Every structure is written in C-alpha cells, then in structure tokens.
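Peer 1: Read top to bottom, the protein sequences are chains A, B and C.
Going letter by letter, the first sequence gives residues 1 to 267 in this note's numbering.
Going letter by letter, the second sequence gives residues 1 to 260 in this note's numbering.
Going letter by letter, the third sequence gives residues 1 to 332 in this note's numbering.
Positions of the beta carbon are idealized from the N, C-alpha and C atoms, including for glycine.
Just so it is clear, the structure is predicted and the values come from calculations on it, not from any experiment.
Please find one structure pasted underneath; my questions will follow.
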Amino acid sequence: MRLLINKIFLGLSIGSALIGLSFLAWILITLFMKGLGSFHFSLFLNDLIDGGLRNLIIGQMILAGLASLIGIPLGMTAGIYIQEYGQGKYASLIRDLSDIMMSAPSIVIGAFVYAIVVVPMGGTSGWAGAIALAIMMIPVVINTTDSMLSLVPRELREAGIALGASKYKVIIDIVIKAAKVGIMTGILLAFARIVGETAPLLFTSETSNYFTLNLNESFPSLTVSIYDLANEPEKSSRDLAWAASFILTVMVLIINLTGRFVTRNKK
Amino acid sequence: MSVMKIKKFSFTYAGVDHPSLKSITLPIQKNKITALIGPSGCGKSTLLRSMNRIHDLYPGNKYDGKIELLNEESGKFENILEIKKENEFIELRQKVGMIFQKPTPFPMSIFDNVAYGLKIAGIKNKSELSDRVEIALKGSALWKEVHDRLNKSAMGLSGGQQQRLCIARAVAVKPEVLLFDEPTSALDPISTGAIEELIVELKKDVSIAIVTHNMQQASRISDYTAFMYLGDLIEYDKTENIFLNPKEQQTEDYITGRFG
Amino acid sequence: MEKIFQKLSLASATLVFVLLVGIFLTLYSAAKPAIDEFGLGFITNPEWNKEVVVPTTPDAANKAEALNSNDDTITGEDDVMIADEDDEIADEDEMLLDDEDESVTKTIYGGLVPIVGTLLSTLIALVFALPIAMGIAVFLAEIAPKNISNIVGIAIELLAAIPSIIFGMWGLYYFAPIVADIVGGYQVSLLTAGLVLGVMILPFMAAITRDSMNTTPAVLKESAYALGATKFEVIKDIIFPYSKVGIIGSIILALGRALGETMAVAFLIGSIFELPKAINSPTISIPVAMANNFGEASGLGESALFYLALILFIISFAVISLAKFYFLKKAK
Numbered sequence: 001m002r003l004l005i006n007k008i009f010l011g012l013s014i015g016s017a018l019i020g021l022s023f024l025a026w027i028l029i030t031l032f033m034k035g036l037g038s039f040h041f042s043l044f045l046n047d048l049i050d051g052g053l054r055n056l057i058i059g060q061m062i063l064a065g066l067a068s069l070i071g072i073p074l075g076m077t078a079g080i081y082i083q084e085y086g087q088g089k090y091a092s093l094i095r096d097l098s099d100i101m102m103s104a105p106s107i108v109i110g111a112f113v114y115a116i117v118v119v120p121m122g123g124t125s126g127w128a129g130a131i132a133l134a135i136m137m138i139p140v141v142i143n144t145t146d147s148m149l150s151l152v153p154r155e156l157r158e159a160g161i162a163l164g165a166s167k168y169k170v171i172i173d174i175v176i177k178a179a180k181v182g183i184m185t186g187i188l189l190a191f192a193r194i195v196g197e198t199a200p201l202l203f204t205s206e207t208s209n210y211f212t213l214n215l216n217e218s219f220p221s222l223t224v225s226i227y228d229l230a231n232e233p234e235k236s237s238r239d240l241a242w243a244a245s246f247i248l249t250v251m252v253l254i255i256n257l258t259g260r261f262v263t264r265n266k267k
Numbered sequence: 001m002s003v004m005k006i007k008k009f010s011f012t013y014a015g016v017d018h019p020s021l022k023s024i025t026l027p028i029q030k031n032k033i034t035a036l037i038g039p040s041g042c043g044k045s046t047l048l049r050s051m052n053r054i055h056d057l058y059p060g061n062k063y064d065g066k067i068e069l070l071n072e073e074s075g076k077f078e079n080i081l082e083i084k085k086e087n088e089f090i091e092l093r094q095k096v097g098m099i100f101q102k103p104t105p106f107p108m109s110i111f112d113n114v115a116y117g118l119k120i121a122g123i124k125n126k127s128e129l130s131d132r133v134e135i136a137l138k139g140s141a142l143w144k145e146v147h148d149r150l151n152k153s154a155m156g157l158s159g160g161q162q163q164r165l166c167i168a169r170a171v172a173v174k175p176e177v178l179l180f181d182e183p184t185s186a187l188d189p190i191s192t193g194a195i196e197e198l199i200v201e202l203k204k205d206v207s208i209a210i211v212t213h214n215m216q217q218a219s220r221i222s223d224y225t226a227f228m229y230l231g232d233l234i235e236y237d238k239t240e241n242i243f244l245n246p247k248e249q250q251t252e253d254y255i256t257g258r259f260g
Numbered sequence: 001m002e003k004i005f006q007k008l009s010l011a012s013a014t015l016v017f018v019l020l021v022g023i024f025l026t027l028y029s030a031a032k033p034a035i036d037e038f039g040l041g042f043i044t045n046p047e048w049n050k051e052v053v054v055p056t057t058p059d060a061a062n063k064a065e066a067l068n069s070n071d072d073t074i075t076g077e078d079d080v081m082i083a084d085e086d087d088e089i090a091d092e093d094e095m096l097l098d099d100e101d102e103s104v105t106k107t108i109y110g111g112l113v114p115i116v117g118t119l120l121s122t123l124i125a126l127v128f129a130l131p132i133a134m135g136i137a138v139f140l141a142e143i144a145p146k147n148i149s150n151i152v153g154i155a156i157e158l159l160a161a162i163p164s165i166i167f168g169m170w171g172l173y174y175f176a177p178i179v180a181d182i183v184g185g186y187q188v189s190l191l192t193a194g195l196v197l198g199v200m201i202l203p204f205m206a207a208i209t210r211d212s213m214n215t216t217p218a219v220l221k222e223s224a225y226a227l228g229a230t231k232f233e234v235i236k237d238i239i240f241p242y243s244k245v246g247i248i249g250s251i252i253l254a255l256g257r258a259l260g261e262t263m264a265v266a267f268l269i270g271s272i273f274e275l276p277k278a279i280n281s282p283t284i285s286i287p288v289a290m291a292n293n294f295g296e297a298s299g300l301g302e303s304a305l306f307y308l309a310l311i312l313f314i315i316s317f318a319v320i321s322l323a324k325f326y327f328l329k330k331a332k
C-alpha cells in the first residue's frame, strides 16, 4: 500500500515536470509556427512604417544597452559596497531593499520615471525608457555581484592584504577577478531580462514607427510595438506582432543561454 | 637575538566577552623557526594573525599589551599595535608576510602572482620584476617546474605547487618575518615534506613563526616552540627541551598525546 | 584612491535607498490630489471614471437628487451622490438643470475593481501553480537523476526567461480559447489571466522550493531511508517539514511578483471596469488599468492612476517583505 502511494506520488511529480515542460514547448512551438510563418528577411531591412521591424529591434537594443551603461556600474559598485565595505546594519538594509526592488512591479517603475523624467521633459523620450530599464536592472546586478563576491574565499582577500595591498586593490585585482565569470553570467541574464520588458517603457519611451537615434523623443521599442500591433484589428498587424514576438524571444533566449554557457565552460 | 617581541599581549574578538589570548609574552628569534603548538582553540592562530595585524580587516577587536617589531634600518623596536595609518599598515605587511592554510593563488598568471607584492611596493621595471620573480621561484623550489609557463594561470597548478607559489609570492618582497598558518595541513604527505624542507631553507633569510597542529612537524623543523592552551602561553623553550624535557605538566600531557 | 573608491561604492549603495524612498514619495505626491479627493473610500468604491452631479446650492440639491440614483453610497467629503450606471442618462439629465450653473459635474474614481482584480487573479495563479510547482521542485530535487535534473532545471528557467508579453500573445491566441472551450464564457477573463499568470510564476516557485528542499541535510534523509521509508515518506515527513519555511516564503514571494505583472494580464483579463460576476468574467487589474489609461489620463484621472500605483506598490512591498524577512532569511 505504501509502495502504491509512493508510486502515485512519483507519477504526479513526474507529471508536473512534464506539464511544466509542455508549457515551455507549447509556447516555443507556437512562436515558431506563427512567427516563422510571418517571417521574412525584409523585416530586418524595413522600419515599422514600412511594415518591417528594423527600427524596433535596433531601438530595443539601444534602450537596453543604454540602461546597461547606467545600471551595470551602479549595480556593481553598490554590490561591492554591500559585500566588501559594508559593516552590519546599513549594508544589510541596502541588500534587503535591493532584493525587494527586484520583485517590485515594473509598471510602478514606469509610473515613477514618468513622473520624474517625462513630465519635466514635457514628453516621452528614449532617455526616460532607458532610465526605467536601468532602475529595473540595478537590483539584479547588485544581487548577482553580492552573491558572486560572497563565494570568493575569505583567505584570498587576506592573502592580498597580507602582501600589503590596500582594500580596493584587493577587490579589483583579486576578488572581482575571482568572481568574474559568475558576475558576467548574472549581468547577461539581467540584460536578457530588460530586453524583454514592456511595462516600464509604455509611458516613458513608448515606441515609434520610424528609425531614429534621437533619444529626446519617443523611441522605437520592439516590446511596446508588439503590444500595439496585437491590439490593432488588421490581421497583418497581428501577423507582424507574431513575427516580432518570435524575434524577441529568440533574442532573449540567445542572450540568456549565452550567459549560462559562459559559466559552463569555466570549470 | 630577537626580531619580534610580544609583551603581555591580550586579544579579544569583537562581540565576545572573554579574551582569546591572555597576556602572552614571547620572542620571535631572528633567522630561526618558532613553532606555536597547542590543541584547537588555544589561540595559536589568533596570535599569529596579530603579528601582521590581519585581524584589522574585521572591526571591533580589542587588544592590550605590545607587539614590537625590529626596524632593521634604525635598529629600534616599534610597537606595531600603534599603527593606524593606511601606509603604515602596508609597510608592516611588506615586512611581515603570511602564508595561509589553504593555498591562495590569485586569479592571474604565475608570473603576476609572484610579482604582485613587488608591483605594490612600486617596482615597475620589467627586468627587475623578472629577476626577482625568478629568484623567488627558485627560492621556493618551484622554478624548474614552472619557468616555461610563467604566463599560464596559477589555478592550473597542483595543491603543493600552489602553496609553494604562495611562498614565492611572500618571499619576493624580502620580508623580515614570515608567518605560516598551518601551511601543510591541506596538502598530501609528499608536498608537506617538500614544503617543510623549503621552510628550513628559508630561515637563512627570514625569521619564521609557524602554527601547526602537527607536533611531529614542530619537532622536525622548529628551533623554538611555544605551547599554548586556552589562550595562555604555557611554556616556551628550545624545541628539544619542550619535546624531550618539558617543564610543565600540561606540556608533557599534550606532547604525549593525553589530550588535544 | 582607496577613500574615493569606498565613497563611490557607498554612494551607489545609497542610491538604492534613495530610489525606493523616491518612488514612494513620488507616487504619493502624484496621487495626493486623488487621495485628498477620495480618501480611503477609494479602495472600496467600484466606480471608475463616473460622472457625477454635485449640487452647489440647496435648491440644486433637490434637482440633483432627482438626477442621481437610488444608491446612497457616500464617498468623500462633499455631498456626492452616485449616478446611475448609465452615463448617458446622467448626460441627458444634466440638461434638466437650470442654466445658472447651480451644480458641478465631477468625475469620481474608485479603485475597488482593479484592486479586486489584482488580488483575485493572483490568487487563481497561486492555486493553479502551487501543486505543479511543488511537483516540479520535488522532481528536480529528489527524483530525477543528476543530468536529467540539470536539463529540466534549465528548461524551467528558460520558461522564466520568456518575456511576459509573449505569455500575453500565446495566452490570448492559444491558451484562452481552450480555457473558454472547457469552462465556457469569455476568452478574456479573470480565469484565463489568472491561469497564465500561474504559468508565469511556476518556474520561480519551483526554483526556490527546490533550493529550499536541497538544504535538507543528507544525513537526515539517509537516516529515514535507512529505516525503510519510501521516497514519498521521506519527502513528506522529513524534507517538507525541514524546508517548510523556505517553501512558504517562495509562495509568498511568487505572489508578490504576480501582483505586479502587467503585460500578460493586459492581454487576457478583458480590461473591463466591472467586478467579475463569475470567475470567467472579464475584469481589470491595477497594472492593466495603468497600462491602458495612463496615456490619455490627466488631472484627477491621472492622479487616481497614481493612487492605484501607490496601493499596488505598498501591497507588493508588504508581501515581498513578509516573504523575505519572515520566511526567507538568508544565512550569510
């Protein structure tokens, strides 16, 4: 009897794993079918105004890239502070606040940036969108830097100090280098995450049908446009939305898998 | 002739109410090997780590008494417990080096590892660095094994080689004193033997203090031995006296394996 | 140089604190007009963007009474009476008023519907995801051999990496029709939104639960096996009790995340400002209300949206903090 219960339980567990996997498969297959169906290379050559996705793809990458330029240094230095310099209460507090921000609603971040950037600037802009994405990125980078640094053995730091190196030299020359791979993975995963974000951009940088590099106005975004296209009645818009979804997912998964692959190779 | 004088030194860890070291008085003799032995928790590592003030990485510790280090230029003894400024700490650690229980190769090439302390000391000249790295590696009996792959990562070395690398790294800056904190306890017997030989060789140029929980090692390589128990220095004498003719009952009990 | 580096890293760290406080203050100040206008009644008022006639003289009060409806719900400080659900009637009736402008038309906002929508959709997500996530975690931690566990683990993490808008697209065109077929009713509804939300928080819950389960010391498990226990019994009697706190924490944390989910829910919940009559009715959630209306909103309407944002922020913060501080204390 006990063995029967055990078998049933194991079956349920394996079943759950299969359910989880099948959702993944279902979504990916759907994307593949619908996306490939509407896919053609001209999508990469034309901007949205001409029925293509070029400006959106480039725009999304620019926004994510700009956000990274802001978010990575800020996140890493904050993570370094928490792990290496922080003593006791204050560092713990920052660590906890950062963790909380990691799970904070992205639309609220969008509203915040709307109030402090869009309103004073008098309108939407690429800057606002990038800032919103940066705010989302910072806690993740903090978390990964903090965790990876904490894995570096204490003695390595002591060995550096014992040779007469000052603390910041030990951190930069030794500790960060030792944690380099893990931190890089974390950053790549964070980047993949913000590339796929929509809500923070909805009313900060919105999107644009045209190719532009001007960050002072609405800036093209793949994700926001998918939302717009999906809400349009024409079938051609929705097909385009699928093609865009397909490309977006491929982009995000490639970045994500690259990040994991990097760790795999090192030891 | 001593190079370091520890005088009535007491140490209490942050957040703990009883001291881990109680009024220790002990010399470290020049160009000799002094072993610190005793059962777990006796404070031998705590004492060793006070000698290069590495405890100061962690705030809140308290100490009393003096630890005096001979200033080779002036011939005077200076109390290292009074050091407060960043650059004085750096100078101290360039004079008093440390090797840890776990080999700690830095994530860089073999050459860069050994050159690290030299670069901190301001040596930039490539040929000088190269020479001193070679001397240090030869002095640690590692040169033959690595001279053809100095640019390879140090992480590729075996445990014993890594530890010898750490010794080369510490020796390259020509310190006065070298502190070894259980340097062979993480190594296999063959590597242990090689490193013990190396340490004995090194005393020509540096004064050595070594913490070990291996009594046989202490009796093999050290000139002087200090036996500690629960934060007190029980007995200090020439090694052969400690092992063949201990004065304290506790020392004899420990030596004969009755506890610890 | 050392000092500069130290100060710089401290500054970055402080930025986190500043941001969090800044978000709260900004939301509050943008929401203040709505807060002042509607007070806490905002939370229980289901009427959103309803035009209401407010009498400014006693005379008009009687006329207004005739216009406004039977429901005697009072919100705010003014003598506001709620109009009929039908805006058109109010418009028509306004023409009955004298030209002397004895009344003012105000728009009132109440956040009950999105708040309820947020909470209910999250609840559905939780109920749906919990058993599956637990099953996956058990599979990964205890049942699967190492390499299968790794591969499946990565697959589950890839599910987590899929952007939420993709869940929206797939959910709307593929998942929703199936749900509607099985359960009947609308395709876009509280139920479909909740279910897709569940699929989205699955990987997160499974991963944290698996990690919690893995902290169970091997010796504990081995002792049980040595006594002849089956896998099920070891999981039930040893592992789950041991990692109970972490598991509950993962559930609450997943809840916290689901609360703020926007895009997938936007596709699927229907965006109707009405309390759902049944589980498969369309309704709306706070993030969706914001996403849909922010673009055109202004004045009091915009402020009401910020009020919603503030409420969402506070609820999320509270839930996530609860998970973190009570259940998921990380040992350093």
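Can you check which of these residues, C:Gly256, C:Met134 and C:Ala13, is closest to Leu18 of chain A by C-alpha distance?
Peer 2: Measuring from the Cα of Leu18 of chain A, the nearest candidate turns out to be C:Met134.
Peer 1: What would DSSP say about Asp112 of chain B, mapped onto helix, strand or coil?
Peer 2: In this structure, Asp112 of chain B counts as helix in the three-state DSSP scheme.
Peer 1: Taking the CB atoms as reference points, tell me whether Lys30 of chain B and Met51 of chain B lie closer together than 7 Å.
Peer 2: Not closer than 7 Å, so no.
Peer 1: Quick check on Gly39 of chain C: buried or exposed, where buried means 16 or more other Cβ atoms within 10 Å of its Cβ?
Peer 2: With fewer than 16 other Cβ atoms within 10 Å, it is exposed.
Peer 1: Is there a Cβ of chain A sitting closer than 7 Å to that of Gly41 of chain C, yes or no?
Peer 2: No, its Cβ sits nowhere closer than 7 Å to a Cβ of chain A.
Peer 1: For the beta strand (DSSP E) holding Asn49 of chain C, just list the boundary residues, first then last.
Peer 2: Note, Asn49 of chain C: beta strand (DSSP E), Trp48 to Pro55.
Peer 1: Once DSSP output is grouped into helix, strand and coil, what is the label at Glu252 of chain B?
Peer 2: Note: Glu252 of chain B maps to helix in three-state DSSP.
Peer 1: Could you work out which residues of chain A lie near Thr212 of chain B, taking near to mean beta carbons separated by less than 8 Å?
Peer 2: Within chain A, no residue comes near Thr212 of chain B; the closest Cβ sits about 17 Å away, beyond 8 Å.
Peer 1: Just by C-beta distance, which residues in the region 113-135 of chain B are closer than 9 Å to chain A?
Peer 2: Per Cβ criterion, the list reads Tyr116, Gly117, Ile120 and Ala121.
Peer 1: With 16 as the cutoff for other CB atoms within 10 Å, does Ser207 of chain B come out buried or exposed?
Peer 2: Ser207 of chain B comes out buried.
Peer 1: Would a C-beta distance cut-off of 7 Å place Pro217 of chain C and Ile156 of chain C closer than the cut-off?
Peer 2: Against a cut-off of 7 Å, the Cβ pair of Ile156 of chain C and Pro217 of chain C comes out as no contact.
Peer 1: Once you ignore the five residues that flank Ile132 of chain C on each side, which residues in its own chain have a CB closer than 7 Å to its CB?
Peer 2: For Ile132 of chain C, where only same-chain residues beyond five positions count, the Cβ hits under 7 Å are Leu202.
Peer 1: Just to confirm, are Glu142 of chain C and Ser166 of chain A a CB contact at a threshold of 7 Å?
Peer 2: Their beta carbons are not under 7 Å apart, which means Glu142 of chain C does not touch Ser166 of chain A by this criterion.
Peer 1: Give me whichever residues DSSP pairs with Asp98 of chain B in a beta bridge.
Peer 2: In the sequence as presented, Asp is not what sits at residue 98 of chain B; that position holds Met. Paired residues: B:Leu179.
Peer 1: What are the residues of the region 285-306 of chain C that lie near chain A, defined by any Cβ-Cβ distance shorter than 7 Å?
Peer 2: So the list reads Pro287, Met290, Ala291, Phe294, Gly295 and Phe306, given in the order they occur along the chain.
Peer 1: Can you check which of these residues, A:Leu213, A:Ala199, A:Asn214 and A:Glu217, is closest to Ile226 of chain A by C-alpha distance?
Peer 2: Minimum Cα distance to Ile226 of chain A is reached at A:Ala199.
Peer 1: Skipping 5 residues on each side, what residues in its chain have a beta carbon closer than 6 Å to that of Ala179 of chain A?
Peer 2: These residues qualify, in order along the chain: Met148, Leu149 and Val152.
Peer 1: Would Leu126 of chain C be called buried (16 or more neighbouring beta carbons within 10 Å of its own) or exposed?
Peer 2: Classification for Leu126 of chain C: buried.
Peer 1: What is the DSSP secondary structure of Ala136 of chain B, reduced to helix, strand or coil?
Peer 2: Here Ala136 of chain B sits in helix by DSSP.
Peer 1: Looking at chain A, is there any beta carbon in it that lies within less than 7 Å of the beta carbon of Tyr225 of chain C?
Peer 2: So no, Tyr225 of chain C is outside the interface.
Peer 1: Could you please give me the residues that DSSP links to Ile24 of chain B through a beta bridge?
Peer 2: Per DSSP, B:Phe9.
Peer 1: For the alpha helix (DSSP H) containing Ile80 of chain A, name the first residue and the last one.
Peer 2: Taken as a continuous stretch (DSSP letters only), the alpha helix (DSSP H) holding Ile80 of chain A covers Arg54 to Ile80.
Peer 1: Could you list which residues in chain B have their beta carbon closer than 9 Å to that of Gly86 of chain A, in chain order?
Peer 2: Within 9 Å Cβ-Cβ: nothing; Gly86 of chain A doesn't reach chain B, min ~11 Å.
Peer 1: Taking C-beta pairs closer than 8 Å, name the residues in chain A that Pro107 of chain B reaches, listed in chain order.
Peer 2: Going along chain A in sequence order, the residues near Pro107 of chain B (Cβ under 8 Å) are Ile174, Lys177, Ala178 and Lys180.
Peer 1: Going by C-alpha to C-alpha distance, which of C:Ile154, C:Gly153 and C:Leu195 sits closest to Trp170 of chain C?
Peer 2: Comparing Cα-Cα distances from Trp170 of chain C to each of C:Ile154, C:Gly153 and C:Leu195, the minimum goes to C:Leu195.
Peer 1: Counting only beta-carbon atoms, is Pro105 of chain A nearer than 7 Å to chain C?
Peer 2: At least one chain C Cβ lies under 7 Å of Pro105 of chain A.
Peer 1: I'd like to know if the region 166-174 of chain B and the region 103-121 of chain B are in contact, where contact means that at least 3 CB-CB pairs between them fall below 8 Å.
Peer 2: These segments touch.
Peer 1: Would you grab the beta carbon distance between Ser98 of chain A and Pro73 of chain A for me? Rounded to a whole angstrom, and I think it's under 8 Å.
Peer 2: About 15 Å; that fails the 8 Å criterion.
Peer 1: At 4 residues or longer, and completely inside the region 189-217 of chain C: list those alpha helix (DSSP H) runs for me, N to C.
Peer 2: As far as the region 189-217 of chain C is concerned, its whole alpha helix (DSSP H) runs of at least 4 residues are 190-214.
Peer 1: If we count the other Cβ atoms within 10 Å of its Cβ and call it buried at 16 or more, is Pro120 of chain A buried or exposed?
Peer 2: It counts as exposed.
Peer 1: Rounded to whole angstroms, what is the Cα-Cα separation between Ala258 of chain C and Ala132 of chain A?
Peer 2: Those two C-alpha atoms are separated by around 20 Å.
Peer 1: For the 8 Å Cβ check, are there 3 or more pairs between the region 233-242 of chain B and the region 43-51 of chain A?
Peer 2: Taking 8 Å as the limit for Cβ pairs, the verdict is that the region 43-51 of chain A does not touch the region 233-242 of chain B.
Peer 1: Check each residue of the region 153-164 of chain C: if its Cβ is closer than 9 Å to any Cβ of chain A, include it; give the result in chain order.
Peer 2: Those would be Ile154, Ala155, Ile156, Glu157, Leu158, Leu159, Ala161, Ile162, Pro163 and Ser164, in chain order.
Peer 1: Using a Cβ cut-off of 7 Å (strictly closer), state whether Val234 of chain C contacts chain A.
Peer 2: Output row for Val234 of chain C: interface = no.
Peer 1: Bridge partners for Val211 of chain B per DSSP, in chain order?
Peer 2: B:Leu36 and B:Asp181, per the DSSP bridge assignment.
Peer 1: Check the C-beta distance from Gly196 of chain A over to Thr223 of chain A and give it rounded, since I have them as a contact under 8 Å.
Peer 2: About 7 Å separates the two Cβ atoms, so the contact holds.
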